[in-house]
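Residue numbers (the working numbering): 1 to 314.
What follows is a single structure, written as structure tokens, with notes after it.
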Ligand code: SF4
């Protein structure tokens with residue numbers, strides 16, 4: 001991945017407002033290979049944090065993009081680390097967050113939480129203002145089936161790390177639980193997750209279901225009644241619960257290289273075709289650029305649950 005693709009968007013996010021994405025690792029390097037991952041199977045499983053981009057390069061890219069967006073009159077509310085993999089595999093994420101504080105904006109990190117058992121990772125991530133951690137299951141077998149973790153990871157350790165982080169973190173903590181039909185959507189599974197989440201007291205617990213094309217085509221979305229029951233079960237234990245089921249998809253492109261912009265966003269957020277069409281409105285050669293990306297197979301069309309998505313081909 002070249003440095004110009006470190007930042008993307010902003011994408012309109014229900015959780016964070018207009019969120020400029022920071023993709024701080026190389027394509028699809030992750031500690032998990034979730035069956036529902038919207039950016040496909042993990043290409044490289046890793047569990048040891050290491051160097052990716054220099055924090056100064058991330059800062060430079062954010063500076064460049066924020067200036068371009070400012071010229072276009074596009075507002076940005078938040079800088080969010082949301083790569084196509086696990087952001088805490090970047091051993092310099094703490095330094096990168098620290099440098100981004102320069103912009104005086106809210107900084108968010110969306111992590112799967114699998115490395116928070118490491119004190120240095122907790123310390124680094126705690127520099128953000130808002131952190132979302134993933135907890136899909138508290139049962140080791142189910143966790144292995146859904147999240148397909150790196151073999152060196154232990155669920156007990158991961159959950160303990162999340163608890164310790166939550167206890168010490170002074171910012172806003174959110175959690176995200178993805179329910180997959182037939183795997184973790186039984187009342188007992190949901191209650192167990194809710195019980196764990198109640199211990200860490202998130203400001204908000206989000207309940208999600210796969211709405212974008214998943215890594216494994218057999219992954220199913222729970223029925224509406226299951227989602228409603230899950231909400232009720234969460235509410236019994238947690239103060240703030242919300243569904244995360246909408247398409248966070250109005251987005252902006254800031255750079256001159258439209259092809260690179262589209263590849264940068266779709267690497268992390270598969271977009272519905274209608275979103276891309278509205279994004280291209282008014283851009284000279286917009287349709288030609290899109291057609292060229294489709295013809296060269298850099299972008300592919302995937303249909304899922306009645307929607308057509310443009311997905312970056314890894
Ligand atoms: S959903 Fe997140 S944690 Fe799971 S494989 Fe994809 S990038 Fe990794």
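Just so you know, even glycine gets a beta-carbon here, dropped at the ideal spot from N, CA and C.
- The ligand SF4 never approaches residue 303 closely enough for any of its heavy atoms to be under 8 Å from the residue's Cβ.
- Along the region 13-47, the beta strand (DSSP E) occurs as fully enclosed runs of 3 or more residues at 17-22, listed in sequence order.
- The C-beta of residue 23 has 16 or more other C-beta atoms within 10 Å across all chains shown, which makes the residue buried.
- Residue state for residue 9 is assigned as strand, using DSSP reduced to three classes.
- Beyond the five residues adjoining it in sequence on each side, residue 197 comes within less than 8 Å, by CB distance, of 135, 175, 177, 205, 234, 237, 238 in the same chain, given in chain order.
- The ligand SF4 has no heavy atom closer than 8 Å to the beta-carbon of residue 24.
- For residue 206, the shortest separation between its Cβ and any heavy atom of the ligand SF4 does not lie below 8 Å.
- In its chain, beyond the 5 residues on either side, 36 have a beta carbon closer than 6 Å to the beta carbon of residue 214.
- Secondary structure within the region 165-206: the alpha helix (DSSP H) runs of 4 or more consecutive residues, fully enclosed, are 187-200 (chain order).
- Within the DSSP secondary-structure output, residue 307 pairs in a beta bridge with 304.
- Going by beta carbons, residue 89 and residue 62 fall outside the 9 Å limit.
- Taken atom to atom, the span from the alpha-carbon of residue 145 to that of residue 162 is near 20 Å.
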